[in-house]
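Student: Attaching a single structure in structure tokens format; questions to follow.
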Amino acid sequence: MRIDLHTHSTVSDGTDTPAELIGKAVQAGLDVVALTDHDTADGLAEARAAAASTGIELMEGMEVSCRRAETSVHLLAYGVDAAHPALAAELAKVRAGRSGRLAPVLDKLAALGLPLSEEDVLRHVGDSPSVGRPHIADALVDKGYVRDRAEAFDRFLADGGPAHVARYAIELADGIDLVHDAGGVAVIAHPWGRTSRVVLPPDYLRELAVEHGLDGIEVDHHDHDADAREELAALCEGLGLLATGSSDYHGVGKVDHDLGCHTTDPAVYAELRRRLR
Ligand code: AMP
Ligand code: FE
Ligand code: FE
Ligand code: ZN
């Protein structure tokens, strides 16, 4: 069983439509794939329909933008009811923050000598309700200002970078409670990736597990080195947390994130499924 619990489509900042993503997941030999677009469930219906005509199992999810104090943190929510009123309201607020951030980012880029129009960016946003920095990065690539998304982030768009503008997000502990209220399972995405372990130290992860019933942590992820994986796996073991693994596939939007490059143990997946019932 090959299980990949974290991927993105064009409904957020990936480059494959949900149906294309399902097709590629089948080709990659996956048995289970989760679609976890940023702050939206809008791609799930298409993914569900595409999965139904193949043998693959779709785990329905999303990646909710949260924050720990002022730092952005991502929370994977599996099996949530996206129509749950409090969750739907929260996601609408996050997406409004994403849209509202575009103009100030473009102002900063213009001041840096990299003029872009809103249309330049919206072409890459397409039908996505979730405007992201990767769309801005793609517009910068189009203009020839940078080679690829990675360079756009490294030079301009990364947290703390010269064209970075913070946006609204819910505090992580409240996000976990909200996911549970909406019937979902809550797994922190890549906690020790770009968000350094200083932001989510072991004691705080323990507190989230004990006081908020955090379900799991994404351990096997491209952005975690061997030491981080070993330590997070031990932490999960000690706390009874689900330790997941996944690609965080974004199509051609991110290199070294091929479908199935990291996977989740079938026993861990079975327990995640059990918690959804
Ligand atoms: P946003 O959703 O607007 O906060 O942008 C964050 C998204 O940008 C993440 O989900 C990643 O897909 C992408 N991202 C962050 N850092 C990088 C990077 N260094 N290179 C490429 N993509 C990145
Ligand atoms: Fe992304
Ligand atoms: Fe993420
Ligand atoms: Zn992701």
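Take the sequence shown: its letter number 245 is residue 473 in the working numbering, and every next letter is one higher.
Even glycine gets a Cβ: it sits at the ideal position worked out from N, Cα and C.
Tell me whether the beta-carbon of D443 lies closer than 8 Å to the beta-carbon of R503.
Tutor: Counted from its first residue, the sequence shown places residue 443 at position 215. Counted from its first residue, the sequence shown places residue 503 at position 275. Yes. Within cutoff.
Student: Does ligand 4 have even one heavy atom less than 7 Å from the beta-carbon of H236?
Tutor: Residue 236 sits at position 8 when you count from the first residue of the sequence shown. H236: yes, Cβ under 7 Å from ligand 4.
Student: Kindly indicate which residue of A280, T472, S281 and A316 has the alpha-carbon position closest to the one of D270.
Tutor: As a first step, residue 270 is located in the sequence shown; it is residue number 42 there, counting from the start. The shortest C-alpha separation from D270 is found at A316.
Student: If you draw a straight line from the C-alpha of D366 to the C-alpha of K482, how long is it?
Tutor: On the sequence shown, residue 366 is found 138 positions in, with the first residue counted as 1. On the sequence shown, residue 482 is found 254 positions in, with the first residue counted as 1. When rounded, the separation of the alpha-carbon atoms in D366 and K482 is 12 Å.
Student: Spatial neighbours of Y477 within its chain, please: C-beta separation below 6 Å, excluding the five flanking residues on both sides.
Tutor: As a first step, residue 477 is located in the sequence shown; it is residue number 249 there, counting from the start. Cβ neighbours of Y477 beyond the five flanking positions: T235, H485 and L487.
Student: Check the DSSP bridge columns for S300 and list the partner residues they point to.
Tutor: Here residue 300 corresponds to residue number 72 of the sequence shown, with the count starting at 1. BP columns for S300 point to R295.
Student: Roughly how many whole angstroms lie between the Cα atoms of A498 and A378?
Tutor: In the sequence shown, counting from the first residue as 1, residue 498 sits at position 270. In the sequence shown, counting from the first residue as 1, residue 378 sits at position 150. Cα-Cα distance, rounded: 35 Å.
Student: Would T282 be called buried (16 or more neighbouring beta carbons within 10 Å of its own) or exposed?
Tutor: Position 54 of the sequence shown holds residue 282. Under this definition T282 is an exposed residue.
Student: I'd like the ranges of any beta strand (DSSP E) spanning at least 3 consecutive residues and lying wholly in the region 357-434.
Tutor: 413-416
Student: Mind checking whether the beta-carbon of G360 lies closer than 7 Å to any heavy atom of ligand 2?
Tutor: Locating residue 360 in the sequence shown gives position 132, where the first residue counts as 1. At least one heavy atom of ligand 2 is nearer than 7 Å to the Cβ of G360, so yes.
Student: Got a sec: does ligand 1 put a non-hydrogen atom nearer than 7 Å to the Cβ of K482?
Tutor: Within the sequence shown, the letter at position 254 stands for residue 482. Yes, ligand 1 has a heavy atom inside 7 Å of this Cβ.
Student: Nearer than 7 Å: is that true of the beta carbon of E291 relative to any heavy atom of ligand 3?
Tutor: In the sequence shown, counting from the first residue as 1, residue 291 sits at position 63. Within the cutoff, so yes.
Student: Let me know the secondary structure DSSP gives D267 once reduced to three states.
Tutor: For the purposes of this step, residue 267 is taken as residue 39 along the sequence shown, with counting starting at 1. DSSP places D267 in the coil class of the three-state scheme, outside both helix and strand.
Student: Among P429, C489, T492 and V480, which has the Cα closest to the Cα of L463?
Tutor: Working through the sequence shown from its first residue, we reach residue 463 at position 235. Of P429, C489, T492 and V480, the smallest CA-CA separation from L463 is found for P429.
Student: Are M230 and G251 closer than 8 Å when you measure CB to CB?
Tutor: Here residue 230 is taken as the residue at index 2 of the sequence shown, counted from 1. Here residue 251 is taken as the residue at index 23 of the sequence shown, counted from 1. The sequence shown places Arg at residue 230, rather than the Met named in the question. Not in contact: R230 and G251 (Cβ atoms no closer than 8 Å).
Student: Just to confirm, is the Cβ distance from R326 to G360 under 8 Å?
Tutor: Residue 326 sits at position 98 when you count from the first residue of the sequence shown. Residue 360 sits at position 132 when you count from the first residue of the sequence shown. Against a cut-off of 8 Å, the Cβ pair of G360 and R326 comes out as a contact.
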